[in-house]
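A.B. asks:
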Amino acid sequence: MNKIVVGNHKMNLRPNEVEAYLKALKSLKSNQVIICPTSLYIPFFLKQGYLVGIQNTGTDIKGAYTGEVSPNQAKELGVFVTIIGHSERRQLYHETDELINSRLKAALKAKLKVILCVGETKEEHELLKTSRVLKHELLADLDGVESIGNIVIAYEPIWSIGSGLVPTNDEISKTIDYIKKVVANKYDKEIRVLYGGSVNDQNISTLNKINNLSGFLVGGASTDPVKFKKIIREVVKK
Ligand code: PGA
C-alpha cells in the first residue's frame, strides 16, 4: 500500500500565509498527502482539491458543545480524516482515554477515517515503560470499537514532538511492530502505523527507510511549503 504524508498545521499560519502556502504547494496535490489545517481554513483547502483532515472532532452529531466540531459536520463538508488523541490534546487539555474513545467512536459513526495518536513521555521512555503505555492507550482508546478498517495509528513519542529529537530507525521499527502486535491480538488484522515527531526535510530520507511504516505525521515542517514539498517528494514516489 502507498505511504501517506499528513501535515498537521496545529494553530499556525495567518490567513495571508495560508494563501501563500496554497500557492506554493499547488503542484503537489496527491491522494497520498493529507493536510490538517486549523479548522477555520478547512474550506480553503477543500476548494483547492486537497485531501483534508481535521485536528479533532466532537463526541456527538450536534448540540450544545461550545468550541467543538461534530464529525458529521466535518464529513458532510468533505473532510476525509480526523486526528484523535493527539498528545497536545491529552496533555494541554487533559483529554482522557475515555473521552478519546468517545470521540473516536463518534468519528467512525460519521464515516470519517481516524488517525489515532499514541505515544510515551520522556520519563516513561527513560523508565522503559513505552510498551506498557502504548498498550494501555491502544486498548483504552479502542475499547468497544468493532472494526479497525478506518483507523490508522500514529506513533508519536511525546518527547520527540517539536523537540528535534527522533528515535533511531531501529527503535521506531520495533515500536511499530509492537503496536501492530497489540492491535492484531485484539482484531486479528494488521493496522497501518505512521510515525510523527520532529520529521523534517533533513531526516525524512533516513526515516523513510523504516519498512514497517505506512507514512508520517508532520507538524512544524508541514507549515513550511518548501520543507513540506521535500518531505512529500521523498515519500510519495511517482
Ligand atoms: P512536529 O509535530 O513534527 O512539529 O514534531 C508532530 C505532531 O505533533 O504531529
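So in my numbering, the last one in the sequence shown is 254, and the numbering has no gaps at all.
For every residue, glycine included, the Cβ atom is placed at its ideal position computed from N, Cα and C.
Treat the numbers as computed from the prediction; the structure is a model and nothing was measured.
1. Flag this pair as yes or no: are the beta carbons of residue 195 and residue 44 separated by less than 7 Å?
2. How big is the Cα-Cα spacing for residue 192 and residue 174?
3. Enumerated in chain order, which unbroken segments of the beta strand (DSSP E) with a length of 3 residues or greater are wholly contained in the segment 185-229?
4. At 4 residues or longer, and completely inside the segment 44-79: list those alpha helix (DSSP H) runs for me, N to C.
5. When burial is assigned at 16 or more other CB atoms within 10 Å of the CB, is residue 157 buried or exposed?
6. Please name the residue in 20, 17, 27, 115 whose C-alpha comes closest to that of residue 239.
7. Compute the Euclidean distance between the alpha carbons of residue 143 and residue 62, then round it to the nearest angstrom.
8. Start and end of the alpha helix (DSSP H) containing residue 125?
9. Along the chain, where does the beta strand (DSSP E) that runs through residue 168 open and close?
10. Considering only their Cβ atoms, is the gap separating residue 86 from residue 74 smaller than 7 Å?
11. Please name the residue or residues paired with residue 24 in a DSSP beta bridge.
12. Buried or exposed for residue 113, please, with buried defined as at least 16 other CB atoms from any protein chain shown within 10 angstroms of its CB.
13. Taking the straight line between their C-alpha atoms, what separation do you get for residue 149 and residue 111?
14. In angstroms with no decimal places, state the Cα-to-Cα distance between residue 76 and residue 172.
C.D. replies: Considering the structure as presented:
1. no
2. 15 Å
3. 208-212
4. 58-63
5. buried
6. 27
7. 43 Å
8. 113-125
9. 167-171
10. yes
11. 52
12. buried
13. 15 Å
14. 26 Å
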